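>
Residue numbers (my numbering): 2 to 110.
Here it is in structure tokens:
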């Protein structure tokens, strides 16, 4: 069994991490890559939140469903190749940069 020293548990400084958007791309309805934010959508809340129609059958027949096949990493790799200058390591040894990718669809985290 081990002991936890609660008196000194928070004596070390916690590093401050920050997130910085360094790029973006969009995928349109035909699964085509675009190097812009052309497919960015915003949530607009209903004017009366107590009177919302949640009928999911409306427009069901005209809805375009996403393919169920495996989505490859081609698009993120294309963005990395096109924008490598934004993520390459700096020349200075004092400055450290570590790039992480976070995607909405959950392919890479």
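Every residue gets a Cβ at the ideal spot worked out from N, C-alpha and C, and that includes glycine.
All values derive from a computational prediction rather than experimental measurement.
1. From the DSSP output, in three-state form, read off residue 45 for me.
2. Measure the CB-CB distance between residue 76 and residue 23 and report whether it falls below 9 Å.
3. Taking C-alpha atoms, which residue in 4, 30, 82, 9 lies nearest to residue 42?
4. With DSSP run on the structure shown, which of helix, strand or coil describes residue 66?
5. Looking only at DSSP bridge pairs, what is residue 34 linked to?
6. Just the C-alpha distance for residue 63 and residue 49, rounded to the nearest angstrom, thanks.
7. By the three-class DSSP mapping on this structure, what secondary structure does residue 57 have?
8. Report the three-state DSSP secondary structure of residue 78 (helix, strand or coil).
9. Is residue 52 helix, strand or coil when you go by DSSP?
By the coordinates alone:
1. coil
2. no
3. 30
4. coil
5. 28
6. 26 Å
7. coil
8. helix
9. coil
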